[in-house]
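Have a look at the structure below before the remarks.
Number of protein chains: 2
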Amino acid sequence: MAKRNIYLDTIPVEEAVARAKAVLDRKALIASETVPTHEAAGRVTAGPIFARCSSPTFHSAAMDGIAVRADTTFAAREDRPVSLAHGTQFVFVNTGNPLPEGMNAVIMIENVVQKDEATALIDAPAFPWQHVRRIGEDIVATELLIPQFRQLAPCDIGALLSAGIYEVQVREQVRAVFVPTGDEVLDFHDRPEPRAGQVIESNSQVFMAYAASWGVRASFTPPVPDDEETLHRAVLDGLASGNHAVIVGAGSSAGSKDYTRRVFESVGRVLVHGISVMPGKPTLVAVTDERSGHPGRLLVGAPGYPVSAVVCLEKVLAPILAWLTGAAEPERATAQVTLARKTPSKPGMREALRLAAGRIGGRIVAAPLARGAGMITTLTRAQAVAYIPEASEGIDEGETVTAELLVPKTELDRVLVHVGSHDNTLDMLANELMGLTQPLRLVSSHAGSMGGLTALKAGSALFAGAHLFDPETDDFNFPFIARYLKELDVTVVNLAIRHQGLIVPKGNPLSIQGVEDLTREDVRLINRQRGAGTRILLDHHLKTAGIAPADVRGYDNEEFTHMAVAVNVLTGAASCGLGIFAAAKALGLDFVPLARERYDLVIPTAHMNDPRITALLATIGQNAIKAAINGLGGYETSLTGQVMRPGMGLG
Amino acid sequence: MAKRNIYLDTIPVEEAVARAKAVLDRKALIASETVPTHEAAGRVTAGPIFARCSSPTFHSAAMDGIAVRADTTFAAREDRPVSLAHGTQFVFVNTGNPLPEGMNAVIMIENVVQKDEATALIDAPAFPWQHVRRIGEDIVATELLIPQFRQLAPCDIGALLSAGIYEVQVREQVRAVFVPTGDEVLDFHDRPEPRAGQVIESNSQVFMAYAASWGVRASFTPPVPDDEETLHRAVLDGLASGNHAVIVGAGSSAGSKDYTRRVFESVGRVLVHGISVMPGKPTLVAVTDERSGHPGRLLVGAPGYPVSAVVCLEKVLAPILAWLTGAAEPERATAQVTLARKTPSKPGMREALRLAAGRIGGRIVAAPLARGAGMITTLTRAQAVAYIPEASEGIDEGETVTAELLVPKTELDRVLVHVGSHDNTLDMLANELMGLTQPLRLVSSHAGSMGGLTALKAGSALFAGAHLFDPETDDFNFPFIARYLKELDVTVVNLAIRHQGLIVPKGNPLSIQGVEDLTREDVRLINRQRGAGTRILLDHHLKTAGIAPADVRGYDNEEFTHMAVAVNVLTGAASCGLGIFAAAKALGLDFVPLARERYDLVIPTAHMNDPRITALLATIGQNAIKAAINGLGGYETSLTGQVMRPGMGLG
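Protein sequences appear in the order of chains A and B. Counting with UniProt numbering, you get residues 1 to 651 for the letters of the first sequence. Counting with UniProt numbering, you get residues 1 to 651 for the letters of the second sequence.
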């Protein structure tokens, strides 16, 4: 019971980090070492560093010119120049030259009206120490140059060398090892082809990449099976090989095969089990005791789901490791972003909401991406992450919140925010746009064709992709625009003509040729959900063919995505279903083209002069994108890049 | 002439960078290579990457529990539970297990009221796909995963491996070599002891440290003498050894020994000579042509002064190199800071103003540091840099500007802003404070004792160091506080008693014992400027000894710092001068103690409960700091840490 309670009693990440800092003795745990100064950037000083030499070593000329005694020039005026004798009254100096004794000012060569080698004419007075760098102006020998616990920046290296410091005492880099666990995880070194229920282990490499950026000396082990004894040994090995921290990947939850906590309890004391963040909740933090043979070291149990692991690494592990060395905690830039969609959130838990964000007009609009802990691609697609506070029940549409940026702030101005129906041709476009001299990042929030139009109305998208077929008019998109975007003037540009067809098993064993075959006894359909564009398309074709839904076996079995339809076909749960070519291709299935539809980009005319939209349209106009789209298969580019007009249909 | 004109015609850094981007062909210049995915973090993709495997590979359980067919549970109610048969109606699953065919939902084990191995009781309905991760939910095989020109973040590595991508085509890292020049610069490898007019070469290592953080493969050469032919060869060698960019350190100005421009013109075309930023102005940017044997590569002439070099590296080189690979431009976090002192600036030139910055009350107060281009330590001491725009004539006291942060934003809350008279004991304090579990960074703006009191009045300092002696009352600081800080309630804490004395040559050849000796024929004094506390102290002692200034040879020769006084003694320009022990120690001179003065910390009582001040006082109260101060020599710690009262004098 106790175990369960502690887990349920989740705490904020800040407290989790504080608990670790409170029990770890960083001065005892992390030793110091001597390194050459010119290799010490990023390292943390182990003690104070005092200057050995002064800089400059002597009063020296800060300009090319002549060195003088200021008081000999005081009388100089434009109309009554003063003449100085070479050697006694002035000496030529270059920048950096030591100032001759008795001289206390430098006059820039440009301001010297020279008469001859022996004499110089001055038409303005020089003040004492003018253009002179004085001894110790920058660095005074024996003085403190850098204090202890200072992470050395590039400039610090320059200062240290200038002060004659050629080696420095620094704190060791923290050493940490990542131990992935799980019977179902495959070692990526074997370049596996995962089967059902298997996953390729990757969290260890996400950790390795982070660790490199943190200045941590990191390593990892092959996946450890779900076995308490093996895990126990792996943790002890990690400690024995000199690591200050051992991170166990997965198994930190309270499930039947989660041994991490038990192992941690057998070699140390658990400080934290459960943080009040989603994803990331099942995070463990412990400190080793004598039983481990290496007391006082850090143990962290990172959740197995990739996004949960990232939150644990960024919010719990990173600050603790940074503190151990004395390095700066990694810190992300932030920005105020306006939410494009209402987003409820569970009270009591902070939530890491991944956002597709970009500037639209004066504000940065952010569309929430999928929220699953298992969806690592939401992080590859996001530009920002907003943490919805524990106290909050969610964020309203149009509400402005502070978000951490995953990209440089300036990049938000180069983002094209798309909301609407997603299509693979959009990915081809995204790829082309990244190749521009001023790259543009197309970020897409999948909300369906209607969702896209709604976003345009709300001003939360720069453009929207739509493939809405209207059986009445036999036209695409315009009838819906007329109905739902009355007050908005838009320009519609075609990206591609898309094929929808019947996804059938490889080799099309039942040789299905069209909708007519759907009435056959041996054919079982898998349908899309009501309202889906694809469902509307099917109904249209059935009607045209004079087929009643009742005559189609499986008509009432619904799926929600093209991929899910394809899966039904792959597993034999259905013998065919209507979908796009890409879904069939993804699962190696065959495809019987049935219908063609227009996938258009709907752009508010007000944005047509936005440089990003201009670049977008220029790119669509080129052959490169057409070639890329045709390469996908299942598309036609006869209309690509053309401005569409109502009633054009398929042109 | 042309040369001169181009140099005088300085341009903004943004235009300098744009000119380089306009002529460099990054796709031709930077090749691509294949690297293992798990070593590709930070690299830039050379082309689009498509997923090989889907993730999940199959519909799979997202929770530990039982897999069911949703419709078999719809009737379940708390009062009318539904019973399911094992095998046919439910199957036990762990997180990640593939969903058995026909099942489309998972019920968490916590919500299963199990009867026996054969039957499970459910008291609530499950909706279709509840707690199920569906095939391709995260990644769909064959779809675009990452576009070209994308710098891979840690999460991207996770996504790539999850999609079965084990190696990736990435763009080469940019290779750049730094060639330091100058007859006066010494190779740090030789661990030199610089003499007058010599400097230790360090810019190459500042470059190396930056380059590492930029992901650039950098190298450097030993210093090249000021000789056109040698420099010409060095540049060609740099290109021949495969570098995409050659950076020449120093010699980029228009002086008699500045050959960089001529060399660049002999192997390429100069695009920029002179940027409108101080420091940093004499920056050169060129592109090689056929004469170099390697056309289309980048040449940069970086100024020799360390701060100028840093501005050139950060503002010109970094953006160009980042663009060449396609990596994100290094970007600093910014903050709004309030200037503590009026700071005039030259119109037409942008100025990089280095700032000692920290939070005081609601705002971040920033005190300008010294502005010399040769003062690298201003960058080691600064927390922020504000760029005063070309158009501006300066910033007023109390004006708020945007500044780039050199430290994490959060660290500004852990900064103790000191303005006042600087003393080495303050450095000892700074070092101790960095050792705390929550380190505090003491930053100091040298403004003299009176300047410190003024800063307190203006609320632009957390505390001020002062050693103001009042001959009338024979007391320290309080008489001045009473006069100048009437409306402010302050607490005064002593940091140390400081010795002032006569700085004399090593061995004290003239055996000077005190002020009485200053009247001797053979003794020549070097004095401090009017108003200096040390000058006041000297006058006081002369008066007490009944000596008239007129009787002191050299009394009218003034210097502005302790160090400058010591230099006069070192060079024999004077036989003695009044100053602190540290100045004598720095130049290896002898010291004849003459007077003792109190160096106090003046703290507005309103700040006494600020956690930073509490920590400061706690630190002063400990023996560690006293030991450190005594170790310096020239100090006493009998009053250290004690609260001072008016009239206490030296206690």
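Virtual Cβ for every residue (Gly too), placed ideally from N, Cα, C. Keep in mind the model is a prediction, meaning the values are calculated, not measured.
field: Beta-carbon proximity check, A:I320 vs A:K21, cutoff 8 Å
entry: yes
field: Neighbourhood of B:E636 by C-beta distance below 6 Å, restricted to the same chain and skipping five residues each side
entry: I497
- prompt: When you compare only the Cα positions, how much space is there between B:M108 and B:M63?
  reply: When rounded, the distance between both Cα atoms is 6 Å.
- request: Check the Cβ of A:P368 against every Cβ in chain B and list those closer than 9 Å, keeping chain order.
  value: The premise fails here: A:P368 is roughly 16 Å from chain B at the closest Cβ pair, so nothing lies under 9 Å.
query: Using the beta-carbon of each residue, which ones in chain B are nearer than 8 Å to A:T571?
result: E101
field: Classification of A:E397 by the beta-carbon crowding that lies within 10 angstroms, buried from 16 upward
entry: exposed
task: Can you tell me which of A:L299, A:P549, A:E117 puts its alpha carbon nearest to the alpha carbon of A:F90?
output: A:E117
task: Output, in chain order, the set of chain A residues within a Cβ distance shorter than 7 Å of B:V552.
output: Neighbours of B:V552 on chain A: none; closest Cβ ~20 Å, over 7 Å.
- prompt: At least one CB of chain A closer than 8 Å to the CB of B:L144: is that the case?
  reply: Taking 8 Å as the threshold, the shortest C-beta distance from B:L144 to chain A falls below it.
field: Beta-carbon separation (whole angstroms), B:V493 vs B:L601, contact threshold 8 Å
entry: So it is a contact: roughly 5 Å between Cβ atoms.
message: At the 8 Å Cβ level, is B:N431 part of the contact set with chain A, yes or no?
response: The beta-carbon of B:N431 is placed less than 8 Å from the nearest beta-carbon of chain A.
query: B:D156 lies in the beta strand (DSSP E); which residues open and close that run?
result: Segment 154-162 is the alpha helix (DSSP H) holding B:D156; no beta strand (DSSP E) there.
- request: Taking only beta carbons into account, state which residues of the stretch 310-333 of chain B come closer than 7 Å to chain A, listed in chain order.
  value: V310, A328, E329, E331, A333
field: C-alpha gap between A:T640 and A:D475, whole angstroms
entry: A:T640 and A:D475: Cα-Cα distance of roughly 17 Å.
- request: Give a yes or no on whether 8 Å exceeds the smallest Cβ distance from B:Y166 to chain A.
  value: yes
message: Below 9 Å on C-beta distance, what does B:P408 contact in chain A?
response: A328, E329, P330, E331
Chain-order list of residues whose beta-carbon lies under 8 Å from that of A:A31 (same chain, five-residue window excluded): R171, E172
task: Pull up the distance between the alpha-carbon of A:P147 and that of B:V415, whole angstroms please.
output: 14 Å
message: For B:D551, which residues in the same chain have their Cβ closer than 7 Å to its Cβ, ignoring the five residues on either side in sequence?
response: Counting only Cβ-Cβ distances below 7 Å, and skipping sequence neighbours, we find T519.
query: Does any C-beta atom of chain A lie closer than 8 Å to the C-beta of B:H38?
result: yes
message: I need the DSSP call for residue 652 of chain A, collapsed to helix, strand or coil.
response: Given a span of 1 to 651 for chain A in the structure shown, any question on residue 652 of chain A remains unanswerable.
task: Count the CB pairs spanning the stretch 294-301 of chain A and the stretch 242-253 of chain A that are closer than 8 Å, and state whether there are at least three.
output: Yes, the stretch 294-301 of chain A is in contact with the stretch 242-253 of chain A.
C-alpha distance - B:V13 paired with B:E351, whole-angstrom precision: 12 Å
- request: Kindly list the residues whose CB is nearer than 8 Å to the CB of B:I165, restricted to its own chain and excluding five residues on each side of it in sequence; keep chain order.
  value: Setting aside the 5 residues that flank it on each side, B:I165 is surrounded in the same chain by T37, I49, A51, R52, L145, each with a C-beta closer than 8 Å to its C-beta; the list follows chain order.
- prompt: residue 676 of chain A by DSSP, collapsed to three states: which one?
  reply: Since the first and last residues shown for chain A are 1 and 651, residue 676 of chain A lies out of range.
task: Write down every uninterrupted run of the alpha helix (DSSP H) in the stretch 413-437 of chain B whose length is 4 residues or greater and which is fully enclosed by it, in chain order.
output: 424-434
query: In terms of residues, what are the limits of the beta strand (DSSP E) holding B:G358?
result: 350-360
query: Any Cβ of chain A within less than 8 Å of the Cβ of B:F188?
result: yes
task: Could you spell out the range, first to last residue, of the beta strand (DSSP E) harbouring residue 652 of chain A?
output: This structure cannot speak to residue 652 of chain A, because chain A is shown only from 1 to 651.
task: Ignore the nearest five residues each way along the sequence and tell me which others in B:L369's own chain have a CB closer than 7 Å to its CB.
output: R354, L355, A356, T378, R381, A382, S445
message: If you reduce the DSSP assignment to three classes, tell me which class B:I320 lands in.
response: helix
query: What are the uninterrupted segments assigned as alpha helix (DSSP H) that are 4 or more residues long and contained completely in the stretch 549-596 of chain B, given in chain order?
result: Here the runs fully enclosed are 562-571, 581-586.
query: Quick one: what does DSSP say A:Y210 is sitting in, helix, strand or coil?
result: DSSP places A:Y210 in helix when its eight states are reduced to three.
query: Taking the Cβ atom as the reference point for each residue, do A:T57 and B:R195 lie within a distance shorter than 8 Å?
result: yes
Segment contact, 8 Å Cβ cut-off, at least three pairs: the stretch 508-525 of chain A with the stretch 620-633 of chain A: no
- request: Grab me the residues of B:A76's own chain with a C-beta within less than 7 Å of its C-beta, minus the 5 sequence neighbours each way, in chain order.
  value: V82, I122, D123, A124, P125
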